[in-house]
Amino acid sequence: MIELSAYGERVVDRFNLIGMWIALVICVRNFVVCLHQYRRTRGKIHLVNLAQVTVFFIHRLLYGIIPLFEIATCAYYPFLVSLWHINYLLFYIVMFMRLLILELDRYSRWIKIVGVLLITLRFSDWPYELAFHSIQQNIMKQSPLNGDTCWAQWGQGVIILNFIGDALANLFLSGMFVRRLFMHLNSSKTFLSQRNRVIESIALKSLICLTLTFFVNLAMNILKVTAFIGDRSDAFTVYFELIESTLLVEALRNDVKYVKEGSFCESCGRVNISI
Numbered sequence: 115m116i117e118l119s120a121y122g123e124r125v126v127d128r129f130n131l132i133g134m135w136i137a138l139v140i141c142v143r144n145f146v147v148c149l150h151q152y153r154r155t156r157g158k159i160h161l162v163n164l165a166q167v168t169v170f171f172i173h174r175l176l177y178g179i180i181p182l183f184e185i186a187t188c189a190y191y192p193f194l195v196s197l198w199h200i201n202y203l204l205f206y207i208v209m210f211m212r213l214l215i216l217e218l219d220r221y222s223r224w225i226k227i228v229g230v231l232l233i234t235l236r237f238s239d240w241p242y243e244l245a246f247h248s249i250q251q252n253i254m255k256q257s258p259l260n261g262d263t264c265w266a267q268w269g270q271g272v273i274i275l276n277f278i279g280d281a282l283a284n285l286f287l288s289g290m291f292v293r294r295l296f297m298h299l300n301s302s303k304t305f306l307s308q309r310n311r312v313i314e315s316i317a318l319k320s321l322i323c324l325t326l327t328f329f330v331n332l333a334m335n336i337l338k339v340t341a342f343i344g345d346r347s348d349a350f351t352v353y354f355e356l357i358e359s360t361l362l363v364e365a366l367r368n369d370v371k372y373v374k375e376g377s378f379c380e381s382c383g384r385v386n387i388s389i
């Protein structure tokens, strides 16, 4: 663990505050992208993605006003924890919904069961984290002053469960989505070449975004587990969370202007397009 000097703590505090406000600006951009995709496709998955971006915005706005207005209490920290978990719950629901947009295969039932179980495992640490009464009380008794904020603390069991749940859910949901996309592409090679090109571009972009998401999430959890800068180890979480949220938005984004007449899956919503 790195021991920070008083100056180092101030630098980390400012870096965290800058990240908060960068996140708010990019959340507005991501909201516009999701809204545009929903208006084009009317896909429910984009509504859930809109909700994910909105909860992230509210979460980081509340975190950002603590140092900005020098709020001298962390009494509402449990609410911030709940917003964080709700944001990631919506994040994984979006990933799960992508598994359901293509044609079924013989493993569909098991894919759904395993997906629901892994999401449940991922969020089993939500009540577990709030149940750490001593840690919650320590955080709520913090008195952030002079641009400081409420710094998260985790029980060892909570962070290990979170690490395992994140890794398994990310690997399974992302991997199965890309697998089913390529299966769908391979099964329809002889039909509608323009549609295939669209699906192939979505699959490639999704693969890149989901691979990056997995490694970003892994890095975030490793930094939490190691508590590399003590009680300020949460300072960089906003950057990781912002990258994950934006990658999810981009993975579902498709700005194809036109194709030949027909129906196909565009950004995971059924649309009918004609020239």
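Residue numbers (this note's numbering): 115 to 389.
In this text, a Cβ means the ideal position worked out from N, Cα and C, and glycines have one as well.
Keep in mind it's a predicted model, so treat the numbers as computed, not measured.
Alpha carbon to alpha carbon, what distance is there between A333 and I227?
In this structure, the straight-line span from the alpha carbon of I227 to that of A333 is close to 28 Å.
Span separating the alpha-carbon of I225 from that of M211:
Rounded to the nearest angstrom, the two C-alpha atoms are 12 Å apart.
Of all the options L232, L337, L318, which has the alpha carbon lying nearest to the alpha carbon of L282?
Of the listed residues, the one whose Cα sits closest to L282 is L232.
Going by other Cβ atoms of all chains shown within 10 Å of its Cβ, with 16 needed for buried, is N386 buried or exposed?
Confidence is the limiting factor: at N386 the pLDDT is only 40, short of 50, which leaves the residue's position unreliable, though a coordinate-based value still follows. Counting every other CB atom within 10 Å of its CB across the protein chains shown gives N386 a total below 16, marking it as exposed.
Following the continuous alpha helix (DSSP H) through F205, name the residue where it begins and the one where it ends.
It spans 191-211 - the alpha helix (DSSP H) in which F205 sits, taken as one unbroken run.
Can you say whether Q270 is buried or exposed, counting buried as having 16 or more other CB atoms within 10 angstroms of its CB?
It is exposed - the Cβ of Q270 has fewer than 16 other Cβ atoms within 10 Å.
Can you tell me where the alpha helix (DSSP H) with R128 in it begins and where it stops?
Boundaries of the alpha helix (DSSP H) around R128: 120-155.
How about R367 and Q151: are their beta carbons less than 9 Å apart?
Cβ distance < 9 Å, so R367 and Q151 count as in contact.
On the premise that V208 lies in contact with N163, defined as a C-beta separation below 8 Å, what is that separation, rounded to the nearest angstrom?
Contact between N163 and V208 holds: CB atoms are separated by about 5 Å, below the 8 Å threshold.
With respect to the alpha helix (DSSP H) encompassing E243, which residues constitute its N-terminal and C-terminal limits?
Element bounds for E243: 239-244.
I'd like to check one pair, F171 with A120: are the Cβ atoms closer than 9 Å?
Annotated as distal: A120 and F171, with beta-carbon spacing of 9 Å or more.
Whole-angstrom distance between N144 and G229, CA atom to CA atom
Distance between the alpha carbons of G229 and N144 is about 26 Å.
Flag this pair as yes or no: are the beta carbons of F129 and F342 separated by less than 9 Å?
No, the Cβ-Cβ distance between F129 and F342 is not below 9 Å.
By DSSP, does N368 sit in helix, in strand, or in coil?
Correct three-state label for N368: coil.
Express the C-alpha separation of Y190 and N284 in angstroms, rounding to a whole number.
Those two C-alpha atoms are separated by around 30 Å.
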